[in-house]
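2 protein chains.
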Amino acid sequence: MVVFSADERDDFTFIEFELPEGVIAPGELAQALVDAPEIDPRKGVVISGRGPVWLFGALVHIYHATAWVATFDPRLGAVVVETHTPNRKVGEVVLG
Amino acid sequence: MVVFSADERDDFTFIEFELPEGVIAPGELAQALVDAPEIDPRKGVVISGRGPVWLFGALVHIYHATAWVATFDPRLGAVVVETHTPNRKVGEVVLG
Chain F
566 MVVFSADERD
576 DFTFIEFELP
586 EGVIAPGELA
596 QALVDAPEID
606 PRKGVVISGR
616 GPVWLFGALV
626 HIYHATAWVA
636 TFDPRLGAVV
646 VETHTPNRKV
656 GEVVLG
Chain L
566 MVVFSADERD
576 DFTFIEFELP
586 EGVIAPGELA
596 QALVDAPEID
606 PRKGVVISGR
616 GPVWLFGALV
626 HIYHATAWVA
636 TFDPRLGAVV
646 VETHTPNRKV
656 GEVVLG
């Protein structure tokens with residue numbers, strides 16, 4: 566199971582996921598994407614949490630119609646991985 | 566720097582990346598995406614390598630027009646994170 570929370574910031578939505586059981590099986594991925602918060606696509610999104618690469622990858626994909634997508638790296642901050650706005654560049658660190 | 570290799574399989578391209586310096590900085594991400602192999606979008610793609618979540622996330626995005634995208638998890642195999650073909654489902658493990 567994946568539990569999501571969404572925190573609205575000025576120009577992006579901060580999405581945090583948690584795995585209450587500490588792990589997620591691939592068979593749970595489709596349901597997790599159904600449970601992921603709907604967000605305002607005019608804003609960016611930052612995806613944060615402790616989970617496998619494939620969970621991040623799937624979340625990056627479902628939010629690809631937003632202004633920009635970043636994944637949160639605890640060592641660095643949120644790194645922009647895709648963007649459709651001139652205000653953000655791939656590789657830019659937000660919340661660094 | 567990110568070094569890529571691409572291995573053609575019957576129905577997907579297996580892309581492996583390596584970080585010769587062991588690390589990648591966010592400022593190197595845009596160039597890495599330029600260097601990523603071009604692949605046949607009619608096939609799927611499996612992305613494999615040891616690197617940060619944001620590198621995987623950016624690669625998942627640039628390959629999103631392919632038949633399906635999976636990321637390789639050494640503990641599980643390649644987990645499908647997005648698909649545009651009825652032959653593959655999100656969460657399916659390929660190469661498991």
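In the order they appear, the protein sequences are chains F and L.
With the first sequence counted from 1, adding 565 to any position gets you this note's numbering.
With the second sequence counted from 1, adding 565 to any position gets you this note's numbering.
Every residue, glycine too, gets a C-beta built ideally from N, C-alpha and C.
Note that the coordinates shown come from a computational prediction; the quantities given were computed from them, not determined experimentally.
Around the Cβ of F:G622, a 10 Å sphere holds 16 or more other Cβ atoms; the residue is buried. Taken in chain order, the unbroken stretches of beta strand (DSSP E) that lie wholly in the region 593-629 of chain L and span 3 residues or more are 609-614. Between F:V625 and L:V625, the C-beta spacing is below 8 Å.
For the pair L:T631 and F:W619, the CB atoms are not nearer than the 8 Å cut-off. With a cutoff of 8 Å on beta-carbon distance, L:V568 and L:E583 are scored as near each other. Taking C-alpha positions only, L:D572 is separated from L:F579 by approximately 5 Å. Taking 8 Å as the CB threshold, L:P591 lines the interface with chain F. In its chain, beyond the 5 residues on either side, W619, L620, A623 have a beta carbon closer than 8 Å to the beta carbon of F:L594. For F:G642, the uninterrupted beta strand (DSSP E) segment begins and ends at 642-648. Any Cβ of chain L closer than 8 Å to the Cβ of F:T578 would place that residue at the interface, and such an atom is absent. Cβ neighbours of F:K654 within its own chain (closer than 7 Å, five residues either side excluded): V645, T648. With its beta carbon less than 8 Å from one in chain L, F:V644 belongs to the interface. For F:D575, there is no enclosing beta strand (DSSP E), as DSSP gives it neither H nor E. Looking at the DSSP output, F:V658 sits in a beta bridge with F:V644.
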